[in-house]
Structure formats: C-alpha cells, structure tokens
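Student: Residue numbers (my numbering): 4 to 269.
Glycine residues also receive a C-beta, built at the ideal position from the N, C-alpha and C atoms.
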Amino acid sequence: MVKAALVDKNGLRKGAWSEEEDTKLRVYVQKFGHWNWRQLPKFAGLSRCGKSCRLRWMNYLRPDVKRGNFSEEEDNLIIQMHEELGNKWCVIAGKLPGRTDNEIKNHWHTNLSKRVKQNQSVSSELMNKEKSTETSQTSQSEVSETEKSETESVSVNTPSESGHRPKTVENFPSSHEISCIEFSSMSNDSMSGVNGVAEECFSSSMEIFQDFWNQPFLADNNCNQDGYDSMFLTEEGLMSSYASNYGDDGIDWIQQAMQEIEDSTS
DNA sequence: AAGGTGCGCAACCGCACAGAT
DNA sequence: AATCTGTGCGGTTGCGCACCT
4 MVKAALVDKN
14 GLRKGAWSEE
24 EDTKLRVYVQ
34 KFGHWNWRQL
44 PKFAGLSRCG
54 KSCRLRWMNY
64 LRPDVKRGNF
74 SEEEDNLIIQ
84 MHEELGNKWC
94 VIAGKLPGRT
104 DNEIKNHWHT
114 NLSKRVKQNQ
124 SVSSELMNKE
134 KSTETSQTSQ
144 SEVSETEKSE
154 TESVSVNTPS
164 ESGHRPKTVE
174 NFPSSHEISC
184 IEFSSMSNDS
194 MSGVNGVAEE
204 CFSSSMEIFQ
214 DFWNQPFLAD
224 NNCNQDGYDS
234 MFLTEEGLMS
244 SYASNYGDDG
254 IDWIQQAMQE
264 IEDSTS
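1) Between which two residues does the alpha helix (DSSP H) carrying Q33 extend?
2) In its own chain, which residues sit with a C-beta less than 8 Å from the C-beta of K69, not counting the 5 before and 5 after it?
3) Report yes if the C-beta distance between V32 and W60 is below 8 Å; otherwise report no.
4) Could you tell me whether the Cβ atoms of L28 and C56 are closer together than 8 Å?
5) Could you check where the alpha helix (DSSP H) with R57 kicks off and where it finishes?
6) Using the C-alpha atoms, what's the distance from V119 back to Y63?
7) Using a Cβ-Cβ cut-off of 6 Å (strictly less than) and excluding sequence neighbours within five positions of V10, which residues of its own chain qualify?
8) Using a Cβ-Cβ cut-off of 7 Å (strictly less than) and excluding sequence neighbours within five positions of L115, which residues of its own chain qualify?
9) To the nearest angstrom, how far is it from the Cα of E23 to the Cα of S50?
10) Going by CA-CA distance only, name the one from S126, D266, F46, F73 that's closest to T113.
11) Would you kindly report the start and end of the unbroken alpha helix (DSSP H) that includes K108?
12) So, is G97 buried or exposed, given that buried needs 16 or more other C-beta atoms within 10 angstroms?
13) Taking F46 as part of the alpha helix (DSSP H), name the residues at either end of that continuous run.
14) So for L15, helix, strand or coil by DSSP?
15) Can you find the residues in the same chain that come closer than 7 Å, C-beta to C-beta, to N105, ignoring five residues on each side of it along the sequence?
16) In the DSSP output, what is V282 paired with across the bridge?
17) Straight-line CA distance for L43 to Q123?
18) With a cut-off of 8 Å on the beta carbons, I'd call W38 and K54 a contact; round off their distance for me.
19) In three-state terms, what does DSSP make of R70?
20) When you compare each of W20, K117, S127 to L58 by their alpha carbons, which one comes out closest?
21) Going by CA-CA distance only, name the one from W92, K117, M130 that's closest to I107.
22) Between the C-alpha atoms of I95 and R65, what's the straight-line distance to the nearest angstrom?
23) Buried or exposed for K12, please, with buried defined as at least 16 other CB atoms from any protein chain shown within 10 angstroms of its CB.
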C-alpha cells in the first residue's frame with residue numbers, strides 16, 4: 004500500500020513513515036507548530052526532508068483529517084466543483100472539511116473520473132437515441148420527453164443544468180488562508196483526535212500553551228527560523244523556563260523539550 | 001496453492017509562486 | 001531588478017493488497 008522505507012544518498016529516509024516518525028512529527032508540530040518545514044525535521048529529530056514532513060502532516064497526521072469513505076454528498080460536490088474548476092484540488096479540498104487535496108485527487112482518479120465518463124457515455128447514447136427518435140417519430144413527443152428526463156437524471160450536473168453558477172476562484176480561501184484554517188482547527192476540541200500517546204504527553208503542556216493555540220496565526224506568521232525564540236519569549240514568558248535554562252540558543256531548548264517528550268512517551 | 005493483474009492510496013517529484021534579501 | 005529561499009500544488013510513481021485465473 005505504501006512505499007517501502009529506504010535511505011537516500013543524503014541519509015534522508017524516504018517512503019513509508021514508521022509509527023515512531025509519526026509520533027515525533029505529530030508531537031513536534033502540535034507543540035511548536037510548523038514555523039519552517041525545511042528546518043523542522045532537524046529539530047524534531049527526523050531524518051526526513053521538510054517537504055516530506057509537511058506532506059505527512061497535511062495528508063495524514065493533522066488532527067482534523069477525516070478518514071474513511073466519501074459520502075454521496077462529497078462525491079457530488081467534488082464532481083460538480085471539478086466540472087467548474089478543473090484540477091484545482093486544493094480549492095475543492097477547501098470546500099470539503101477534513102479532506103485533503105491528495106485524498107480528493109486520488110478519489111477522483113480511482114472512482115469519480117470513471118463514474119463521470121460512464122455517465123457521459125450513457126448520456127450521449129441517450130441523446131443519440133433521442134435524435135433518431137425525433138427524426139422518425141416527430142409526433143411522439145411524449146416518449147422523447149421521458150427519455151430526456153432520464154438522460155438528465157443520469158448525467159452529471161453541469162452548471163447550466165443544475166442552475167448552479169460557477170463560483171469564481173476568488174470565492175475560495177487562498178492556500179494561505181486554508182493553511183490558517185487548518186492550523187486554527189487545532190483547537191482543544193480537535194486535540195481529542197490526537198492519539199493517546201501524544202494526548203497524554205500534551206495534557207500538561209496544553210495548559211501552558213493555551214494562549215499559543217488560541218492564536219493560530221502566530222505559529223504561521225510569526226515563527227520563522229530567525230524568530231522562534233523571540234516569539235516564545237514574547238508569549239508572556241510562557242517559554243521563559245525553557246529559554247532561560249538554555250540561553251539564547253533556541254535549538255538547545257527545543258531539542259531538550261523534544262527529548263523530554265520522547266522520554267515521557269517511552 | 002501459486003502466479004498474474006488491477007486497484008487504491010501514500011508518498012515523491014518538479015514546477016510555480018510569493019516573500020525576503 | 002535579480003537572486004534566493006520556502007511553501008504549496010498538481011502530476012506521477014510504486015508498493016501492497018485483493019481478486020482472478
């Protein structure tokens with residue numbers, strides 16, 4: 004199902020993620036946010052490239068990711084939006100809470116595209132049938148009407164058919180906004196979705212970080228590789244216990260914090 | 001039971017874009 | 001204005017499972 008794990012020439016792991024890697028990444032992002040994906044694996048103790056970490060978090064580890072089968076409503080919405088927008092998976096994902104662009108894309112390629120093709124071929128078949136009926140039996144309009152309605156019922160709703168006007172892309176959240184939404188969704192509510200180990204680990208630290216999690220944009224916008232320690236220091240001394248213990252070198256206290264997390268989970 | 005084949009999905013890759021320098 | 005860096009998106013790959021012969 005997943006790519007086998009292997010190590011590339013730079014010593015970075017590729018392929019399937021282990022449970023341990025997942026836990027490390029989940030714990031780190033939940034605690035510190037993703038202030039810099041490139042640097043993140045170094046601090047989180049992961050031998051992965053930042054891109055891989057980001058993808059794993061976005062598509063799998065995020066607390067608000069919905070797993071499982073797509074509902075009929077979701078399918079219809081995807082088909083409809085794909086009709087309007089094309090392969091704008093991130094935009095479509097923005098309209099389906101808990102679904103990732105990757106998941107929707109996969110679902111489209113494996114299921115929905117086939118369904119749409121089928122529907123279109125059935126639709127055109129019936130249209131042809133209707134045409135020939137019309138030319139040969141112009142007086143029997145009732146039959147045509149019946150077939151017409153059948154055609155409409157099996158064909159995919161196009162914007163014109165459904166009366167649903169195409170939404171402009173501007174109506175949807177930008178990728179940045181989506182990123183903010185997804186981060187803001189990591190409230191205490193959604194923390195219930197975190198697995199037991201991480202949850203236990205966070206139960207105490209979450210109190211300390213309450214303000215931090217209530218200000219989701221802080222993590223996205225204010226935390227860069229140069230500013231992480233200043234950010235925490237300005238959080239009313241929330242991180243001062245860490246920071247004061249380890250001086251100006253933020254890396255040390257982050258790694259120390261991660262070590263503490265690892266110790267508590269082992 | 002064993003080998004072949006197709007499918008589903010997690011993950012990778014390359015490119016484009018935005019912001020910083 | 002040019003270059004660099006980080007991030008996000010869409011296309012593609014490839015592994016593992018289920019089903020078929």
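Tutor: In terms of the structure at hand:
1) Unbroken alpha helix (DSSP H) run through Q33: 22-35.
2) Cβ neighbours of K69 beyond the five flanking positions: P100, G101, R102.
3) Going by beta carbons, V32 and W60 fall inside the 8 Å limit.
4) A Cβ-Cβ contact shorter than 8 Å links L28 with C56.
5) Segment 53-59, the alpha helix (DSSP H) holding R57.
6) Each residue's alpha carbon lies about 28 Å from the other.
7) R16.
8) Closer than 7 Å at the Cβ level, and outside the excluded window around L115, lie D78, I81, I82.
9) CA-CA distance, E23 to S50, rounds to 12 Å.
10) The residue from S126, D266, F46, F73 with its alpha-carbon nearest to that of T113 is F73.
11) That run of the alpha helix (DSSP H) goes 104-110.
12) Around the C-beta of G97, 16 or more other C-beta atoms lie within 10 Å, and the residue is accordingly described as buried.
13) That run of the alpha helix (DSSP H) goes 43-47.
14) In the three-state reduction of the DSSP assignment, L15 falls in the coil class.
15) Within the same chain, N105 has close Cβ partners N62.
16) It is not possible to answer for residue 282, since the shown part of the chain is limited to 4 through 269.
17) For L43 and Q123, the distance between alpha carbons rounds to 47 Å.
18) 15 Å between Cβ atoms; not a contact.
19) Note: R70 maps to coil in three-state DSSP.
20) Nearest to L58 by C-alpha distance, out of W20, K117, S127, is W20.
21) For I107, the closest C-alpha among the options W92, K117, M130 is that of W92.
22) Distance between the alpha carbons of I95 and R65: 18 Å.
23) Under this definition K12 is an exposed residue.
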